[in-house]
Amino acid sequence: MLNRVWENPRRTLTAIIIVAVLLRVGAALYIGNTIEALPGIFDEVSYHTLALRVLDGHGFSFGERWWPATAANAPTAHWSFLYTLYLAGIYALVGESPLVARVIQAVLVGIAMPWLAFRLALLVFAQWGQKYAEKVGLAAAAVTAVYIYLFYYAAALITESFYITAIMASFYFAFRIQKAQNARLSDWVWLGVCLGVTVLLRQLFLLFVPFLLLWLWWAVRPSLWRLLLPLVLIGMMVAPFTVRNQRVFGRFVLLNTNSGYAFFWGNHPRYGTKFIPILPSREYYEMIPDELLAQGLNEAELESELLSLGLGFVFDDFGRYIKLSLSRIPAYFVFWPSSQSSTISNISRVGSFGLFLPFMVYGLVLGLRKRAASFADWLRMPQTLLVLFMLFYTAL
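If you want our numbering, it's the position in the sequence shown, counting the first as 1, plus 1120.
Following this line, the structure appears as structure tokens:
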């Protein structure tokens, strides 16, 4: 039976993609046409509301005070502009129908994620032989298809699914360039576009872009203008929103206003030396000093002030900051049910991370076992970039 699965990888991959789409569409139908704060996907309330505001001609703003501490009818840059425009575009075409947006998203990522997982494996494990790489690719695609978190998030109106897909696409084109050595110009263009989309969905990824391009330079030694091309494309995609932010906030904001708030809340003395992953929403608002709220600062100004306070927390007691940072590590490895989580969260955690964690560890070890002729050659390997990304993203 297994031999038949491996013998025709195209047919097997097609079956996997069909399963992936069905699971994601099923999740979309389960969540339905309503918008509510479901476990782990609270942000869809904000994206839905913001998309409707954009359609009504109010721009990127909310009609009432909103997270993180944005005044009613005040401009916001806290949320992904690209994803908001995706929702607004769907609503403009079919009316206010969250279900349609869910199904379209579910189908798109249901096709793209398993396909990209398969193609990435062919590139990463090519040196181990075509047959072996195909087997790894089919296994990766299958895991992508049935991983509960992935098909649950695919049905939610939040950035996660498109963001993960864009990251996978970015790695796909980066590895194509590395394998080809003299890659086509179109691959560099597509790399820039995928990186730009990723950044527009989560500006945090912008911090990793220099590492990815540095790895490409080491692995391929391309001409300078080709190496700069992705940066130019990212800049062109981000620039319209930078201009908009300058106009509405009266100051430079490259893209989004999340980092200052996140850094302030993430390092607040309220935690002491033990980090608490999720607090009630009102507690986050109450952490903001009253004197700052009384100044009537716009979202960008408040972010800047909070970032300064957050840095002060670190420098005033660096020992506490180190202990607090270390206390976050255990949360990365929680795969068991928790009384503090909802039923759906516990099922998702155990049925995805808990079930596949041993295979993740085994796959990571297996991927790193391939010895390179030298340290320089090891740095050129796709596995090295993937491990760097995992470490980098975990550290952030």
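Note that CB positions come from ideal geometry on N, CA and C, so glycine has one too.
TODO: Could you round the C-beta distance between phenylalanine 1238 and glycine 1209 to whole angstroms and report it? I think they count as a contact, below 8 Å.
DONE: About 29 Å separates the two Cβ atoms, so there is no contact after all.
Open item on the list: Residues in the same chain with beta-carbon distance under 7 Å from serine 1281, minus the five sequence neighbours each way, listed in chain order, please.
Closed with: Gln1225, Val1229, Tyr1273 and Ala1274
- [ ] Identify every run of the beta strand (DSSP E) within the region 1444 to 1478, keeping only runs that are complete inside it and at least 3 residues long; order them along the chain.
- [x] none
Open item on the list: Rounded to whole angstroms, what is the Cα-Cα separation between glycine 1355 and leucine 1426?
Closed with: Roughly 26 Å separates the two Cα atoms.
Open item on the list: For a test of the three-state rule: what should DSSP assign to tryptophan 1187, helix, strand or coil?
Closed with: coil
TODO: May I ask you to list the residues that DSSP assigns as paired with proline 1195?
DONE: Under DSSP, proline 1195 forms a beta bridge with Ser1181.
TODO: With arginine 1500 as the anchor, note down where its alpha helix (DSSP H) starts and where it stops.
DONE: 1495 to 1500
Open item on the list: Taking the straight line between their C-alpha atoms, what separation do you get for leucine 1477 and arginine 1448?
Closed with: Roughly 18 Å between the two C-alpha positions.
TODO: Count the other C-beta atoms from every protein chain shown that fall within 10 angstroms of the C-beta of tyrosine 1452, then say buried if there are 16 or more, exposed otherwise.
DONE: exposed
Open item on the list: Between which residues of its own chain and leucine 1212 is the CB-CB distance below 8 Å, once the five residues before and five after are set aside?
Closed with: Per the sequence shown, the amino acid found at residue 1212 is alanine instead of leucine. Within the same chain, alanine 1212 has close Cβ partners Leu1175.
Task: Cα-Cα separation between arginine 1296 and aspartate 1307, rounded to whole angstroms - done: Whole-angstrom Cα-Cα distance: 7 Å.
- [ ] Can you give me the Cβ contacts of phenylalanine 1325 inside the same chain, cut-off strictly under 6 Å, excluding the 5 residues immediately before and after it?
- [x] Thr1318 and Val1319
Task: Cutoff 7 Å; reference tryptophan 1498; Cβ partners in own chain excluding five residues on either side - done: Ala1492 and Thr1504
TODO: Can you have a look at glutamine 1460 and say buried or exposed, based on whether 16 or more other CB atoms are within 10 angstroms of its CB?
DONE: Glutamine 1460 comes out exposed.
Task: glutamate 1423 burial status per 10 Å Cβ neighbour count (16 or more: buried) - done: buried
TODO: May I ask you to verify whether the region 1331 to 1341 touches the region 1380 to 1394, counting CB pairs closer than 8 Å and requiring at least 3?
DONE: no
TODO: Have a look at isoleucine 1268 and arginine 1489 and give me their C-alpha separation to the nearest angstrom.
DONE: 29 Å
Task: Alpha carbon of glycine 1152 to alpha carbon of proline 1188, nearest angstrom - done: 27 Å
Task: Alpha-carbon to alpha-carbon, leucine 1149 and phenylalanine 1201 - done: Phenylalanine 1201 and leucine 1149: Cα-Cα distance of roughly 26 Å.
TODO: Could you pull out every residue in the same chain whose Cβ sits closer than 6 Å to the Cβ of serine 1462, ignoring the five residues on either side in sequence?
DONE: Pro1159
Open item on the list: Give me, in chain order, the residues of the same chain whose beta-carbon lies closer than 8 Å to that of valine 1141; leave out the 5 immediate sequence neighbours on both sides.
Closed with: Result list for valine 1141: Ala1226, Val1227, Gly1230 and Ile1231, in chain order.
Open item on the list: Along the chain, where does the alpha helix (DSSP H) containing threonine 1132 start, and where does it finish?
Closed with: 1129 to 1151
Task: Beta-carbon spacing of phenylalanine 1433, asparagine 1387 below 8 Å - done: Asparagine 1387 sits close to phenylalanine 1433, with the two beta carbons spaced by under 8 Å.
Task: is_contact[tryptophan 1186, chain D] using C-beta, thresh 8 Å - done: Absent from the structure: chain D. Only one protein chain is present.
Open item on the list: Using a Cβ-Cβ cutoff of less than 8 Å, which residues in the same chain neighbour glutamate 1156 once the five nearest sequence positions on both sides are dropped?
Closed with: Val1165
TODO: Measure how close the beta-carbons of asparagine 1418 and alanine 1194 come, nearest whole angstrom, since I'm counting them as under 8 Å.
DONE: 6 Å
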